[in-house]
Amino acid sequence: MKKIIYSVLALFFIGNTIAQQTPADKQTTPIAIEGATAHLGNGKVIENSLIMFNDGKITFVGSATSKIARNGTLIKATGKHIYPGFIAANATLGLAEIDAVKASVDVDEIGINNPHIRSLIAYNAESKVVESMRPNGVLMAQITPRGGTISGTSSVVQLDAWNWEDAAIKVDDAIHMNWPSSFTRGRWWLGEDPALKPDANYGINKENIKTYFTNAKSYLESNRKPKNLPFEAMNGLFNGSQRLFIHVNGQKEITDAITITKNLGIKNLVIANAEGAESVAKMLVEHKVGVVLQRPHRNPNSEDDAYDSTYTIAKTLMDSGVTVTIGMEGQMERMNTRNLPFYAGTFAAHGLTKEDALKMITANSAKILGIDTSVGTLEVGKEATLFISTGDALDMRSNQLTNAFIQGRAISLETHQTKLWKRYANKYKSK
Amino acid sequence: MKKRILLLFVFAVHVLTAQEYFPTDSGVKTTKNSTYAFKNATIYVTPTTIIKNGTLLIKEGKVVSIGKSVKIPSGAIITDVKGKTIYPSFVDAYTNFGIQKPKRTASRSRGTQYTASREGYYWNDHIRPDTNPIKDFSFDTKKAKELIKAGFGVVNTHQQDGIIRGNGLLVALNPNATNAYRILDTKSTHHLSFTKSVQSRQAYPTSRMGAMALIRQTYLDADWYAKGKMNHKDLALEALNTNQSLPQIFETNNHLDAIRADKVGDEFGIQYTLVGSGDEYERLQDIKATNANFIIPVNFSKAYDVSNPLLAKQISLRDLRKWNQEPSNLAMLAKNDVNFAITTHKLKSIKSFHKNIQKAISYGFNQTKALAALTTIPAAILGNSSIGNLKEGSIANFIITSGNIFDAKTTIYENWVQGSKNVITAMNVKDISGDYMLSVNNQNYQLSVTGSGSNPKGSVKQGDQKVKSKFSFKDDWISITLNKDSGYTRMIGKIINDANVMEGTVFDTQGNESSWSASKQVAKQQKKTKKGKASKKTAFPVMPVSYPNSGFGNYKQPEQETILIKNVTIWTSEKEGILENTDILLKEGKIAEIGKNLKARKAVVIDGTGKHLTAGIVDEHSHIAASSINEGAQNSSAEVTIEDVVDPTDINIYRNISGGTTTAQILHGSANPIGGQSAIIKLKWGENAENMIYENTPKFIKFALGENVKQSRSSNGTRFPQTRMGVEQMITDYFTRAKEYDALKKSGQPYRKDLEMETLAEILNKERFISCHSYVQSEINMLMKVADKFDFTINTFTHILEGYKVADKMAEHGVGGSTFSDWWAYKYEVNDAIPYNASIMHNAGVTVAINSDDREMSRRLNQEAAKTVKYGGMSELDAWKTVTINPAKLLHIDDKVGSIKVGKHADVVLWNNHPMSIYAKVEKTIIEGRVYFDYKVDAKKRLAIKEEKSKLIDMMLNEKMNGGKTKVPMKRGDINFHCDTLEELKN
């Protein structure tokens, strides 16, 4: 025990010696960016563009040839590219610092149904992992609890803040639920075949979910006494102010999840991970269910699947008219969230146009998270959360940020990692 | 236990044949007549020597005489078996008959057990050659009955537990004698497997490769012991040395294991008989090349119930094929002249034995070979010429049948074991089948009797009306019960003459007695309908086997072609840099020419306009294509090698070539400081394991430092070392001992050959290179200092995420760094990992590679290389080298692969785009001039999978609709191997 305490203390100590980047101050002077290729996020591109913003809001989006006064600071960005800040859906940034150090992990609460568990209050705005997002253009994220059947409530944050209150863009945006699988895996560690077999309990598991939601609904319609915190937390699901994200894989499971929750009166539905969604695309369109795909950089679902099946899925779904974004859930998800642009790039390599791929992590993610009125595209009136890259930001070779802004604030692109880089690069140079 | 055996013997003396010198207290001594003659039979002396109308004469349990004109001595009991067939009883060389399975030892503590539980035996509990099952043997009458019924006369049995399992026991299935008679050989065979004993929790070996290394070391130690060099008793080694002269039988779980077992045997001049698993057809040529005798099970799997399409979708082609192809295994083995016996091993019920043999025959398995596989071949495997045949002098084990033993309609009447009769179906039961006119109580009925043998069925009609009835024929007595109107009429009677007239007594509903009779009418032909039914059971068409036998497998290996790629952008990974609009000629597996306007001659020409050509990607750190990755039960496992467990069936090989990777070092995991030896392979999808490993492959070994080896994530680690301080001492200790070992070896004096020390001595002698898993600067520095002390150089630090902190020291030591592009934050020791690592090390003069350690990342290492451009600003040319020539250098294969240079292997990748662009896709991956991946062929393969799956699903539906048994669909589970993956893959 003592050992653990010491190592935790050591962790804090190290964490404190290398200070995080200081959040940028509020925008005080107008900024104009001229000459860049602007990727608006909604599919449109403006070559030789002019983008202006003031008080944290975009005031002009158009051509650099337009004769309009450039107030305040002018940034010449000819040959460069400008993008809306990328938004990572279904992420756990700031909920854990080091995967293997339990003391640093606040991702998964115990219990089966935890709708009242709120990620926002555990979000560590000063996480070293969080700051490593910004140099890659990832400027916003949905912070999502994991585990159980109902994991809890997520919030959307921007990634340059002093604390979680400052960070919040949309508080308690959605409740997240893990839909049971109709398969169960053999326990290979007990010598069983690791194969997946139909789970005899699937029907019961479904029934339990139905019962829980029904009970919540009848509680909310009653005089609500005595108070039931989990049920109280679900109010937004029934009045439509909050979304339900169902993390679900499999054609059968997705169909069940949508049918059952729609019947329960859930208004805003999103499915996450969504393996097999291509087989039920029609239903998704019909019920206006957005899809948060898994990262494409993973292995195909089964041996006989095409090697690129995880790469082509976005194109298939978008061609069917489904609104699609990319989520982060999976192995080493926090550290990998900075690769969000390259996941979109991979989808572009395998079918999507580059602008459609970009849409996935800008306009679409904003829409799916319910923040599209304020962010997600470069449009007048929206928040000035955007960045300039020397080249194509979806390609790792050319994703090089020169400037980034969150709500008009010019944020630092330095990190714990860039500091170490400079320190050691200089060490050998000086020799 | 002993008591029970004694009781059994006492009981036996009373009812069974007793030894002649045993006293008798139950009456006067009598001698049974034991001479029998069987006349007028078709007799299979062996599968190929058949006597028609012959006589078999047996006496005192032995065949005395056999032939067409045998003189029958007076006093012999003569049985006329005209029209019947006599076969030698079957022999099963692989059972655990009469031997109780040991119970799994209850775990006393949750910690890992490192040392052996037994004293006076070998250091590893799973080596149990001293197991002699005679002391635990108890004749299992129930099981014996089942086996006798199936035609077996003799079984070989042993304790199926442990890696080296001890000797076998040869038992005649004679329920009418005592063990004194029926145990034919108390030490018939010696047994091995790759599976650990359940009687011990000793952790080593946790992997297949560990089991292989353990068997090797045991053989070496047994030899050393035999030479009298050990100054202590080791009962296990003693037993092993004694048992070496017996036939050696090795049980395996799949064809890969069969090939692996054979390889170990060959190294020690031992030819094992291999117990197969039924999937040998997947690699017939390799199976044949073992030159081993096989013992093959016939536990064919049931079809999947595919009526639910959503569930059916989850079954892989590999698993669907298994059901379809498996029944042809025996036929294919026979056609390829593999010598094999058939066993009941793995069958859930002996009842399905004949059905499955019949199935195999319907799939083309030759009947003579089938008979041999059940008689002469198992006998030969067991080295016993007196069983499995009916030659004079052989044991009188034989079965009497109504005809061809492999015909579903044939009845087995009797199975004689050691000259003692076991009746299965009464032989001379009258065939009473036919239609009868039944007269009872002044009424006439039609009685129809079907089926021959001891259990015919009867039905009764009156006019067109069916009458409820019960019919039985037992011990020559017929009984019929009629249920008509309100009451029951009961009849009992017998067949009274050859004309098949039945007569007897009837009791009517009032209990009045009178007589009844039935006379046979002219026989009708009824057989046609039966034939129609039988034809439904014909075999399904067998799908061709691909290599590997799963989706995307190749039906034949790609040809080595002469290929000319014209007008392409070539990334040479050499000082020439990028060559635009250039031609390249691949010939005889090598890069033959690079230049402008090369002549096509007979080459296949590919237009490379707008495309990019690079050397195949080399992954310095991969865990694909292996059945196991970690042997973590000891702090050093230098004796194990991944080369032993390369798995060519892993789909990730195909996925990797689809991403341009052509060479990979398959590294042991990082569970212990001194890991195992690597396999450096080419990803030749479809080839066997041996052909994938590099020729004259450089020798590598994995070492590991830090959190994994000190068991940081285990709450109860007890293995030394638990700190980085301990790691240094542990490694130093091993090298110190290896140095002493090597000195002794070189001195010419006798020494105990130790596989671990041999491997470590190779490192000291600069014949083997270390690739060391490492993270933080302190441990990196430490290992370099240890190496300096022993005067060798660490070849590669892999992972090396804090390499940038000691890059100058690394350059000075001369070690390379093979790192991740951007991984960090997954454990404490990667807190300071930065994506600029590669660039800083590169600038400091270290040879830098980007590796995967991940089967998914290894199919897009081009993107990972591109990250070194983003992070730290490496030039694109240098970035590309981190996945081609640099890892090739680190693996000492840069003379063969890693760059585009005349004379090097034609391992090249054709990309549709700048190879480091996120938008790049592979069009072709060529290894040694063979196109292993082609995106156009891939598209065809996808369609073929879909088509074949639907064909197989159709067949399974057909099977189900026609009453075949089915099982619930399942989805293939798989395990993603990383450095710290401790478990074993099933195949």
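Going down the list, the protein sequences come from chains A and B. Just so you know, we're using the numbering used here here: the first sequence kicks off at -16 and counts up by one. Just so you know, we're using the numbering used here here: the second sequence kicks off at 461 and counts up by one. From the three backbone atoms N, C-alpha and C, an ideal C-beta is built for every residue, glycine too. Remember, it's a predicted structure, so these values are computed and weren't measured experimentally.
Going by C-alpha to C-alpha distance, which of PRO635/B, SER975/B, VAL1187/B, ILE1153/B sits closest to ASN902/B? On the second sequence, position 442 is the one that residue 902/B refers to. Considering only alpha carbons, the answer is SER975/B.
Give me the chain B residues within the contact set of ALA408/A, using Cβ-Cβ distance strictly less than 9 Å, ordered along the chain. Along the first sequence, read from residue 1 onward, the residue named residue 408/A stands at position 425. Chain B residues near ALA408/A: TYR1264, TYR1296, SER1299, ILE1300, ASN1303, GLY1332.
Under DSSP, the alpha helix (DSSP H) around THR242/A begins and ends at which residues? Translated into the one-based positions of the first sequence, residue 242/A becomes position 259. First-last of the alpha helix (DSSP H) with THR242/A: 234 to 246.
Can you tell me whether LYS993/B is buried or exposed, with buried defined as 16 or more other CB within 10 angstroms of its CB? Here the question's residue 993/B lines up with position 533 in the second sequence. Residue confidence is low: LYS993/B scores 43 on pLDDT, short of 50, so the model does not pin down where it sits. No coordinate-derived value is stated.
By Cβ distance below 8 Å, which residues in the same chain neighbour ARG676/B in space, the five residues on each side in sequence not counted? By 1-based counting over the second sequence, the position of residue 676/B is 216. Cβ within range, chain order: VAL724, GLU727, PHE728, GLU1099, LEU1215.
Any beta carbon of chain B sitting closer than 8 Å to that of LYS265/A? Counting from 1 along the first sequence, the entry for residue 265/A is found at position 282. It does not: the Cβ of LYS265/A has no partner Cβ on chain B nearer than 8 Å.
DSSP three-state assignment for GLN708/B, whether helix, strand or coil: In the second sequence, the residue the question calls residue 708/B occupies position 248. If DSSP states are grouped into helix, strand and coil, GLN708/B belongs with the strands.
If you measure from the beta carbon of MET123/A to each beta carbon in chain B, is any gap under 8 Å? For the purposes of this step, residue 123/A is identified with residue 140 of the first sequence, where counting begins at 1. So no, MET123/A is outside the interface.
In whole angstroms, give me the CA-to-CA distance for PRO177/A and GLY1433/B. Against the first sequence, residue 177/A aligns to sequence position 194. Against the second sequence, residue 1433/B aligns to sequence position 973. Straight-line Cα distance between these residues: approximately 5 Å.
Is there a C-beta anywhere in chain C that falls below 8 Å from the one on ASP378/A? The structure shown has no chain C; the protein chains it does contain are A and B.
Exposed or buried, TYR581/B, counting other C-beta atoms within 10 Å across all chains shown (16 or more means buried)? As a working mapping, residue 581/B is identified with position 121 in the second sequence. Buried is the call here.
Just verifying my parser: in three-state terms, what is the DSSP assignment at ARG781/B? Along the second sequence, one-based indexing puts residue 781/B at 321. In the structure shown, ARG781/B sits in a helix (DSSP, three-state: H, G or I).
When you compare each of VAL88/A, ASP143/A, ARG281/A to MET1317/B by their alpha carbons, which one comes out closest? For the purposes of this step, residue 1317/B is taken as residue 857 along the second sequence, with counting starting at 1. Residue ARG281/A is the option with its Cα nearest to MET1317/B.
Backbone secondary structure at THR1344/B - three-state DSSP: Taking the first residue of the second sequence as 1, we reach residue 1344/B at position 884. Three-state result, THR1344/B: coil.
In chain B, which residues lie less than 7 Å from GLU286/A when you measure between Cβ atoms? Reading the first sequence from its first residue, position 303 is the one you call residue 286/A. Going along chain B in sequence order, the residues near GLU286/A (Cβ under 7 Å) are SER776, ARG778, SER1010, GLY1011, ILE1111, ARG1432.
Please go through the region 534 to 618 of chain B and give each complete beta strand (DSSP E) segment of 3 or more residues, from N-terminal end onward. 537 to 540, 545 to 548, 550 to 555, 612 to 617
To the nearest angstrom, how far is the alpha carbon of ILE34/A from that of PHE388/A? By one-based count along the first sequence, residue 34/A stands at place 51. By one-based count along the first sequence, residue 388/A stands at place 405. So the alpha carbons of these two residues sit roughly 12 Å apart.
State the beta-bridge partners of TYR905/B as determined by DSSP. Position 445 of the second sequence, counting from 1, holds the residue named residue 905/B. Paired residue(s): LEU898/B.
Could you tell me the distance, in whole angstroms, from the CA atom of HIS586/B to the CA atom of VAL1169/B? Taking the second sequence and counting its residues from 1, one reaches residue 586/B at position 126. Taking the second sequence and counting its residues from 1, one reaches residue 1169/B at position 709. Their Cα atoms are separated by approximately 25 Å.
Give the interface partners of TRP404/A over in chain B, defined as CB-CB distance under 9 Å, in chain order. Taking the first sequence and counting its residues from 1, the one referred to as residue 404/A is at position 421. Per Cβ cutoff of 9 Å: TYR1264, ILE1294, PRO1295, TYR1296, ASN1297, SER1299, ILE1300, TYR1331, GLY1332.
Minimum Cβ-Cβ distance from ASN784/B to chain A less than 8 Å: Within the second sequence, residue 784/B is the residue found at index 324, counting from 1. By this cut-off, ASN784/B is not an interface position.
Tell me where the alpha helix (DSSP H) around GLN1189/B begins and ends. In the second sequence, counting from the first residue as 1, residue 1189/B sits at position 729. Run containing GLN1189/B: 1184 to 1206, per the alpha helix (DSSP H) assignment.
Neighbour-count burial assignment, GLN1189/B, 16 or more Cβ in a 10 Å radius: Along the second sequence, one-based indexing puts residue 1189/B at 729. Looking at its Cβ environment, which holds fewer than 16 other Cβ atoms inside 10 Å, GLN1189/B is exposed.
Hey, would you say MET318/A sits closer than 8 Å to TYR1286/B, going by beta carbons? Position 335 of the first sequence, counted from the start, is the residue given in the question as residue 318/A. Position 826 of the second sequence, counted from the start, is the residue given in the question as residue 1286/B. Yes, Cβ-Cβ distance for MET318/A and TYR1286/B is below 8 Å.
Could you name the residues of the same chain whose beta carbon sits closer than 6 Å to that of GLY1013/B, not counting the 5 residues immediately before and after it, in chain order? Reading the second sequence from its first residue, position 553 is the one you call residue 1013/B. Within the same chain, GLY1013/B has close Cβ partners SER1006, TYR1007.
The region 305 to 325 of chain A: positions lying closer than 8 Å to chain B by Cβ: MET315, ARG317, MET318, ARG321, ASN322, PHE325
Per-residue DSSP class, three states only, for ARG1390/B: Here residue 1390/B refers to the residue found at position 930 when the second sequence is read from its first residue. DSSP places ARG1390/B in the strand class (E or B) of the three-state scheme.
Put ALA1366/B into one of helix, strand or coil per three-state DSSP. Your numbering for residue 1366/B matches position 906 in the second sequence. Correct three-state label for ALA1366/B: coil.
Name, please, each residue of chain A whose Cβ falls closer than 8 Å to the Cβ of ARG588/B. Start at 1 with the first residue of the second sequence, and residue 588/B comes out as number 128. Within chain A, not a single residue places a beta-carbon under 8 Å from that of ARG588/B; the smallest gap is close to 20 Å.
Could you tell me if GLY1363/B is buried or exposed, where buried requires 16 or more neighbouring beta carbons within 10 angstroms of its beta carbon? Residue numbering aside, residue 1363/B sits at position 903 when the second sequence is read from its first letter. Flag for GLY1363/B reads exposed.
Would you call the CB atoms of ALA327/A and ILE309/A closer than 8 Å? Taking the first residue of the first sequence as 1, we reach residue 327/A at position 344. Taking the first residue of the first sequence as 1, we reach residue 309/A at position 326. In this structure, ILE309/A lies closer than 8 Å to ALA327/A by Cβ.
Listing by chain order, which chain A residues have their CB less than 7 Å from the CB of ILE892/B? Your numbering for residue 892/B matches position 432 in the second sequence. Ordered by position in chain A, no residue passes the 7 Å Cβ test against ILE892/B, which lies about 50 Å from the chain.
Is there a C-beta anywhere in chain B that falls below 8 Å from the one on HIS64/A? Locating residue 64/A in the first sequence gives position 81, counting from the first residue. Chain B contact via Cβ: absent.
Could you check what DSSP says for GLN1094/B in three-state terms: helix, strand or coil? Translated into the one-based positions of the second sequence, residue 1094/B becomes position 634. Coil at GLN1094/B, not helix or strand.
To the nearest angstrom, how far is it from the Cα of ILE775/B to the Cα of PRO1429/B? Counting from 1 along the second sequence, the entry for residue 775/B is found at position 315. Counting from 1 along the second sequence, the entry for residue 1429/B is found at position 969. About 6 Å.
When the Cα of LYS1381/B is compared with those of GLY1389/B, PHE1393/B, SER1138/B, which residue comes out closest? As a first step, residue 1381/B is located in the second sequence; it is residue number 921 there, counting from the start. LYS1381/B has its Cα closest to that of PHE1393/B, out of GLY1389/B, PHE1393/B, SER1138/B.
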